[in-house]
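I have placed the structure first, in the form of structure tokens, so that the comments after it can refer back to it.
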Amino acid sequence: MPELPEVESLRRMLEQSACGRRIVAVHIREPRLRRRVASTFDRMIAGRTINAVRRRAKYLLVELDGGITLLGHLGMSGSLTHRGQDFCDGEFDPAHDHLRFELDDGTALVYNDPRRFGLLKLVCSSELGAVDELRALGPEPLEEAFSAQYLFEKTRRRRVAIKNLLMDQHVVAGIGNIYACEILFGARVRPGRAAGRITRAEAERIVVHAKGILAQAIGSGGTTFRNYRDSRGQPGRFATSLQVYGREGERCFVCRTPIKSKLLGQRSSFYCPCCQR
DNA sequence: CTTATGGCCTGTCAGC
DNA sequence: TGCTGACAGGCCATAA
Numbered sequence: 121m122p123e124l125p126e127v128e129s130l131r132r133m134l135e136q137s138a139c140g141r142r143i144v145a146v147h148i149r150e151p152r153l154r155r156r157v158a159s160t161f162d163r164m165i166a167g168r169t170i171n172a173v174r175r176r177a178k179y180l181l182v183e184l185d186g187g188i189t190l191l192g193h194l195g196m197s198g199s200l201t202h203r204g205q206d207f208c209d210g211e212f213d214p215a216h217d218h219l220r221f222e223l224d225d226g227t228a229l230v231y232n233d234p235r236r237f238g239l240l241k242l243v244c245s246s247e248l249g250a251v252d253e254l255r256a257l258g259p260e261p262l263e264e265a266f267s268a269q270y271l272f273e274k275t276r277r278r279r280v281a282i283k284n285l286l287m288d289q290h291v292v293a294g295i296g297n298i299y300a301c302e303i304l305f306g307a308r309v310r311p312g313r314a315a316g317r318i319t320r321a322e323a324e325r326i327v328v329h330a331k332g333i334l335a336q337a338i339g340s341g342g343t344t345f346r347n348y349r350d351s352r353g354q355p356g357r358f359a360t361s362l363q364v365y366g367r368e369g370e371r372c373f374v375c376r377t378p379i380k381s382k383l384l385g386q387r388s389s390f391y392c393p394c395c396q397r
């Protein structure tokens, strides 16, 4: 379940290990992801050098020379591992290793995705703003545009639960179920509260904790709850810092009250019934 | 416009 | 033991 911190951790590693490398070939074993991977991939990509690795929300943007960018989304279970040499062991997973990008130093970037919810497509580097997936995204949560004033205004006259609003990529981009739960625990706000009833002070706390928790999670290499892996095949280390996610029935670290879980729009929401109001 | 719901997809696990 | 159904949840299409 890669969210912003996991994608950012991956981006930083790939920036170190893959930037400047030339992609010599692309092998597609299974093109059926959320949308079918274009059969022109190898022809379009082979021979191009990786100039930069960027991120927008949960999207990874691999900028190639010649004005083409590889847009990637890991969906639920996707991973991009750098295999060969002293990187990842390169354990073969023939059932789920769907694409393989061979690099000029003999290593390879392998896209693995058991549930195939991911996305890989090529876009024009000069027209990223016009790309469907990126066009309507809200501000990055770690940038100044995501302020208490901004969030407060976005919540006005909205009946949707505050947690669902935080996960709405049009409002703020990059937050998923795990971090939405953690942010609301930090802000001491119940996930099911109507967004429109959030106070100015609560909006302030939500923004402060969103920035703090996401930054801390990036520093820990993200969260591995089930199967997220970084480009070296290693799990993230933030799972041990989780306060509520996945802890139903266990005691709140602050007040010892058992953590509750409740479905909110088909998604489990974890919260402390005592600390969060 | 807002909000709710179902579909995609497969590995895992509880329960019978 | 092996089957069935629920669940995990990213994003999108569709409906009300």
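Residue numbers (the numbering used here): 121 to 397. Glycine included, C-beta positions come from ideal geometry on N, C-alpha and C. All values derive from a computational prediction rather than experimental measurement.
Separation of residue j from residue i, as counted between CA atoms
i, j, result
"proline 107", "threonine 275", "Outside the displayed range of the chain (121 to 397) lies residue 107, so it cannot be described from this structure."
"phenylalanine 390", "glycine 356", "20 Å"
"glutamine 386", "alanine 323", "24 Å"
"leucine 285", "leucine 153", "27 Å"
"methionine 287", "alanine 145", "37 Å"
"leucine 240", "leucine 190", "7 Å"
"threonine 160", "glutamate 222", "16 Å"
"glutamate 253", "arginine 376", "42 Å"
"arginine 156", "cysteine 395", "45 Å"
"glycine 366", "arginine 163", "44 Å"
"glutamine 136", "asparagine 171", "11 Å"
"glutamate 273", "glycine 316", "9 Å"
"phenylalanine 212", "tyrosine 231", "12 Å"
"isoleucine 303", "aspartate 224", "42 Å"
Any non-hydrogen atom of the ligand ZN within 7 Å of residue i CB
i, result
"aspartate 213", "This structure lacks the ligand ZN, and indeed carries no ligand of any kind."
Coarse secondary structure for residue i, derived from DSSP in three states
i, result
"asparagine 347", "coil"
"histidine 290", "coil"
"isoleucine 298", "helix"
"threonine 189", "strand"
"lysine 283", "helix"
"leucine 257", "coil"
"leucine 304", "helix"
"arginine 371", "strand"
"isoleucine 165", "helix"
"leucine 124", "helix"
Beta-carbon proximity of residue i to residue j, cut-off 8 Å
i, j, result
"isoleucine 338", "leucine 271", "no"
"glycine 192", "leucine 184", "no"
"phenylalanine 373", "alanine 359", "no"
"isoleucine 318", "isoleucine 295", "no"
"leucine 229", "alanine 138", "yes"
"glutamine 289", "alanine 177", "yes"
"arginine 470", "histidine 202", "It is not possible to answer for residue 470, since the shown part of the chain is limited to 121 through 397."
"glycine 312", "lysine 382", "yes"
Which residues DSSP lists as bridging residue i, in chain order
i, result
"arginine 176", "Tyr179"
"tyrosine 391", "Lys380"
"valine 146", "Phe221"
"arginine 152", "Arg156"
"leucine 134", "In DSSP, leucine 134 forms no bridge with anything."
Ordered list of alpha helix (DSSP H) runs contained in the stretch 199-244, each at least 4 residues: none
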